[in-house]
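What follows is a single structure, written as structure tokens, with notes after it.
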DNA sequence: GTGGAAGCGGAGGCAATCTCCGTTCCGCCT
DNA sequence: AGGCGGAACGGAGATTGCCTCCGCTTCCAC
């Protein structure tokens with residue numbers, strides 16, 4: 017069950033810790049891709065990353081096309097859906113989070129590893145404003161291109177969770193999906209601008225130990 | 017600080033436990049409102065409630081107008097923003113939740129009261145698909161009509177929280193806002209169709225006691 | 001019943017999504 | 001080298017949703 021080699025977030029472009037990052041994000045597997053096509057694709061990708069970062073995941077796609085100097089048709093041919101474009105711009109960040117997963121795996125304390133992983137997850141989900149929403153959708157109906165990478169994220173969450181559970185550091189009834197969904201909920205609240213650092217810490221604390229006072233003898237929540 | 021009379025969610029239409037529900041939602045305070053105007057308003061409201069329930073909070077407003085048999089202009093005159101319409105259709109549910117607050121207040125156990133209140137909150141936030149999003153926005157920038165009722169919800173959360181804290185049943189560092197934001201996050205995840213009953217329970221459990229195993233001597237999360 | 005104002009509603013401006021198809025450009029093959 | 005086939009382009013435009021403006025209708029008070 018537990019796999020120790022970091023799985024790639026995307027089918028192609030297998031990555032491990034020490035690799036030099038391939039500068040071109042996701043050269044699609046089977047296509048020799050004509051010269052102008054590649055040029056346009058890269059331009060779109062660069063522009064999109066900038067716009068997503070500046071305006072959130074719902075920024076206008078036509079505007080991206082315009083600024084990238086291509087027609088809307090070109091953009092939609094390369095990336096048939098918003099999710100596809102989103103997924104493509106996220107590949108770099110996915111390399112980051114995989115690296116952090118590798119680092120966390122090295123940690124001696126299973127709880128610290130889990131904490132570090134969940135922190136990495138929060139950072140990843142904060143990449144763009146509004147990112148948690150498409151991620152949640154992708155998990156539930158795995159038609160999206162994002163779904164592939166999301167499943168990996170859940171799997172990694174499961175890995176760190178299981179390890180902590182074996183040490184008695186995480187409650188045994190927690191499932192990877194449940195933990196991931198909770199993290200998503202937190203991220204959704206937090207990555208709206210306007211939630212201060214105080215509340216961020218508080219929400220994370222509730223995530224870890226709940227709102228109930230501890231030291232009592234109840235066996236189960238609910 | 018603690019107020020024991022249930023505050024109304026809306027400035028007008030004060031409600032207490034035993035009242036017969038006024039059938040007309042929110043007859044606006046100062047306007048004698050011409051006959052056709054009232055008729056149209058009611059029609060819009062009924063149609064809107066149906067559409068919000070069926071298609072979520074982002075359903076088309078023009079479509080509501082069309083089906084209600086009025087022009088778009090009429091809809092927008094009565095309800096200048098989506099939030100305004102949303103708030104108006106929510107008044108009935110707000111009566112519900114206030115009643116449940118009253119009921120919870122009667123409970124002897126402060127923790128049970130808090131739990132019951134949080135449950136009521138979840139039910140309220142599940143009224144329409146996507147409701148948590150406008151609620152979160154309303155809290156952060158209180159320009160919206162929804163903001164008024166939201167502040168009341170936070171206040172009520174604070175009331176039950178404080179009571180539980182005095183009994184040592186809730187952690188002292190939790191704030192009303194933090195607790196409410198967490199509840200919002202959970203609700204956001206849960207009220208997308210596709211999350212099963214199992215996960216619902218699990219998320220609620222994490223909310224209450226966290227994911228970490230208890231019975232250890234750490235004083236604080238983080 | 002009539003005047004004046006409250007209220008109506010739809011035409012239309014604007015913005016975003018996504019498609020279709022005539023045109024352009026690439027690169028392979030002779 | 002130069003031409004051919006198809007890959008790729010891009011923009012016009014159909015569609016949908018938001019929201020406003022303003023000439024017309026309807027109510028109700030007198």
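Protein chains in written order, with the numbering used here: chain C, 17 to 238; chain V, 17 to 238.
The beta carbon of each residue, even a glycine, is placed where N, CA and C say it ideally should be.
DSSP state of residue i, grouped into three classes?
{"i": "residue 213 (chain C)", "result": "helix"}
{"i": "residue 230 (chain C)", "result": "coil"}
{"i": "residue 38 (chain V)", "result": "Low per-residue confidence applies at residue 38 (chain V): pLDDT is 35, beneath 50, and the placement is therefore not dependable enough to give any value."}
{"i": "residue 222 (chain V)", "result": "helix"}
{"i": "residue 188 (chain C)", "result": "coil"}
{"i": "residue 144 (chain V)", "result": "coil"}
{"i": "residue 97 (chain V)", "result": "coil"}
{"i": "residue 48 (chain C)", "result": "coil"}
{"i": "residue 183 (chain C)", "result": "coil"}
{"i": "residue 169 (chain V)", "result": "helix"}
{"i": "residue 106 (chain V)", "result": "coil"}
{"i": "residue 43 (chain V)", "result": "Because residue 43 (chain V) sits at a pLDDT of 49, beneath the cut-off of 50, its placement in the model cannot be relied upon, and the following sentence gives the value as read from the coordinates. Three-state DSSP puts residue 43 (chain V) in coil, outside helix and strand."}
Mind reading off the beta-carbon distance from residue i to residue j? Whole number of angstroms is fine, and I expect it under 8 Å.
{"i": "residue 133 (chain V)", "j": "residue 176 (chain V)", "result": "5 Å"}
{"i": "residue 58 (chain V)", "j": "residue 126 (chain V)", "result": "Going by Cβ atoms, the distance from residue 58 (chain V) to residue 126 (chain V) rounds to 41 Å, so no, they are not a contact pair."}
{"i": "residue 121 (chain V)", "j": "residue 152 (chain C)", "result": "That belief does not hold up - the Cβ atoms of residue 121 (chain V) and residue 152 (chain C) are roughly 34 Å apart, past 8 Å."}
{"i": "residue 72 (chain V)", "j": "residue 146 (chain V)", "result": "4 Å"}
{"i": "residue 102 (chain C)", "j": "residue 162 (chain C)", "result": "7 Å"}
{"i": "residue 166 (chain C)", "j": "residue 149 (chain C)", "result": "Rounded, the Cβ-Cβ distance is 12 Å, inconsistent with contact."}
{"i": "residue 180 (chain V)", "j": "residue 130 (chain V)", "result": "4 Å"}
{"i": "residue 79 (chain V)", "j": "residue 94 (chain V)", "result": "Incorrect: roughly 16 Å between the Cβ atoms, too far for contact."}
{"i": "residue 136 (chain V)", "j": "residue 113 (chain V)", "result": "5 Å"}
{"i": "residue 198 (chain C)", "j": "residue 219 (chain V)", "result": "6 Å"}
{"i": "residue 109 (chain C)", "j": "residue 75 (chain C)", "result": "So it is not a contact: roughly 17 Å between Cβ atoms."}
{"i": "residue 192 (chain V)", "j": "residue 170 (chain V)", "result": "5 Å"}
Tell me which residue opens and which closes the alpha helix (DSSP H) that residue i is part of.
{"i": "residue 125 (chain C)", "result": "Looking at the DSSP string, residue 125 (chain C) is not in any alpha helix (DSSP H), and its letter there is neither H nor E."}
{"i": "residue 71 (chain C)", "result": "51-71"}
{"i": "residue 89 (chain V)", "result": "88-94"}
{"i": "residue 83 (chain C)", "result": "77-84"}
{"i": "residue 192 (chain C)", "result": "192-206"}
{"i": "residue 159 (chain C)", "result": "Here residue 159 (chain C) belongs to no alpha helix (DSSP H), and DSSP marks it neither H nor E."}
When burial is assigned at 16 or more other CB atoms within 10 Å of the CB, is residue i buried or exposed?
{"i": "residue 188 (chain V)", "result": "exposed"}
{"i": "residue 141 (chain V)", "result": "buried"}
{"i": "residue 228 (chain V)", "result": "buried"}
{"i": "residue 214 (chain C)", "result": "exposed"}
{"i": "residue 173 (chain C)", "result": "buried"}
{"i": "residue 70 (chain V)", "result": "exposed"}
{"i": "residue 206 (chain C)", "result": "buried"}
{"i": "residue 49 (chain C)", "result": "exposed"}
{"i": "residue 158 (chain C)", "result": "exposed"}
{"i": "residue 99 (chain C)", "result": "buried"}
{"i": "residue 185 (chain V)", "result": "buried"}
{"i": "residue 128 (chain V)", "result": "exposed"}
{"i": "residue 111 (chain C)", "result": "buried"}
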